[in-house]
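Numbering (the numbering used here), first residue to last: 134 to 384.
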């Protein structure tokens with residue numbers, strides 16, 4: 134009888150302690166129990182470990198253990214996202230890791246359409262574009278230049294060139310944004326060109342030239358007018374500079 138009373142008291146104490154926990158602490162405890170159950174017979178024991186081994190199916194299976202919710206500073210659940218609590222949602226954190234890893238893996242293995250679909254279906258279209266530079270750096274290290282060129286053909290520009298505004302107009306800033314995107318893209322081509330020149334690979338270097346995109350510059354014919362009246366033209370300064378680099382290297 135005494136033992137039953139002691140057990141009952143311990144149970145009540147445990148219940149009281151649990152009830153004192155915040156909603157965030159309770160959710161974290163449930164996540165821990167869920168992960169222990171799901172990983173018991175699995176080779177990889179976490180989302181990160183599964184991703185490191187390209188097991189995206191297992192990583193997604195573990196995702197269900199994480200509640201898709203944000204928290205306030207006192208641990209209460211919060212459905213809205215703010216700058217100060219955006220990092221409290223572990224589901225979003227793990228889901229983002231999975232999408233980034235899978236998209237990068239698919240791009241690196243030539244499955245660009247599938248990679249775009251994964252990013253799009255996950256509501257993270259921007260992750261496809263973000264993944265390209267790092268994937269290309271990896272491929273360049275292996276001198277897989279043909280794969281690099283193939284990936285670059287899938288690059289999408291979010292902003293179009295506008296000939297009716299100045300290249301430097303920060304109010305109608307479409308050309309400024311276009312030039313920023315063009316610079317990022319051309320920087321990647323430059324890296325391929327540098328590697329080709331370093332390895333005396335004239336074939337790859339020549340393939341770089343047609344890939345360079347032009348920049349928006351102010352039309353010289355309108356340069357003396359007020360900025361609001363100026364127009365823009367396209368000039369492929371990056372390609373001109375690339376040709377000069379090749380000439381200097383003897384290509």
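Just so you know, even glycine gets a beta-carbon here, dropped at the ideal spot from N, CA and C.
Since the model is a prediction, treat every value here as computed from it, not as a measurement.
Distance, Cα to Cα, residue 227 vs residue 292?
Residue 292 has its alpha-carbon roughly 31 Å from the corresponding atom of residue 227.
C-alpha gap between residue 331 and residue 318, whole angstroms
If I take the Cα positions, the gap works out to 20 Å.
Tell me whether residue 164 sits in a helix, a strand or coil according to DSSP, three-state version.
Of the three classes helix, strand and coil, the one that applies to residue 164 here is helix, per DSSP.
Three-state secondary structure (DSSP) at residue 197?
When DSSP states are grouped into helix, strand and coil, residue 197 belongs to the coil group.
In the DSSP assignment, what residue or residues form a beta bridge with residue 204?
According to DSSP, residue 204 bridges with 210.
Within the same chain, show all residues whose beta-carbon is closer than 7 Å to that of residue 383, passing over the 5 residues directly before and after it, in chain order.
No residues qualify anywhere along the chain.
Alpha carbon to alpha carbon, how far is residue 197 from residue 187? Give it in angstroms, no decimals.
When rounded, the distance between both Cα atoms is 18 Å.
What residues match up with residue 367 in a beta bridge as DSSP calls it?
Answer by DSSP bridge pairing, in chain order: 349.
Of the listed residues 171, 366, 214 and 190, nearest to residue 312 (C-alpha basis):
Among 171, 366, 214 and 190, the Cα nearest to that of residue 312 is on 366.
Could you please give the first and the last residue of the uninterrupted alpha helix (DSSP H) stretch that includes residue 267?
Here the alpha helix (DSSP H) through residue 267 covers 259-274.
Cα separation between residue 368 and residue 288?
Rounded to whole angstroms, residue 368 and residue 288 show a C-alpha spacing of 20 Å.
So what's residue 171 in DSSP terms, helix, strand or just coil?
Collapsing the DSSP output to three states places residue 171 in a helix.
If I measure Cβ to Cβ from residue 278 and keep anything under 6 Å in the same chain, skipping five residues before and after, which residues do I get?
These residues qualify, in order along the chain: 337.
Thinking C-beta only, is residue 195 closer than 8 Å to residue 171?
Going by C-beta atoms, residue 171 is nearer than 8 Å to residue 195.
Which two residues bound the contiguous alpha helix (DSSP H) that contains residue 248?
From DSSP, the alpha helix (DSSP H) with residue 248 extends over 245-254.
Return the residue from the list 360, 262, 281 and 157 that minimises the CA-CA distance to residue 301.
With distances taken between CA atoms, residue 301 lies nearest to 360 out of 360, 262, 281 and 157.
Closest to residue 233 by C-alpha separation, out of 303, 222 and 181, would be which residue?
Ranking 303, 222 and 181 by Cα distance to residue 233 puts 181 first.
Status (buried if at least 16 other CB within 10 Å, exposed otherwise) for residue 251
Under this definition residue 251 is a buried residue.
Quick check: what's the CA-CA separation for residue 260 versus residue 173?
The alpha-carbon separation between residue 260 and residue 173 amounts to approximately 32 Å.
Specify the secondary structure class of residue 384 as computed by DSSP and reduced to three states.
DSSP, read as helix, strand or coil, puts residue 384 in coil.
Can you determine whether any heavy atom of the ligand GDP sits closer than 7 Å to the C-beta of residue 304, and answer yes or no?
This structure does not include the ligand GDP; it has no bound ligands of any sort.
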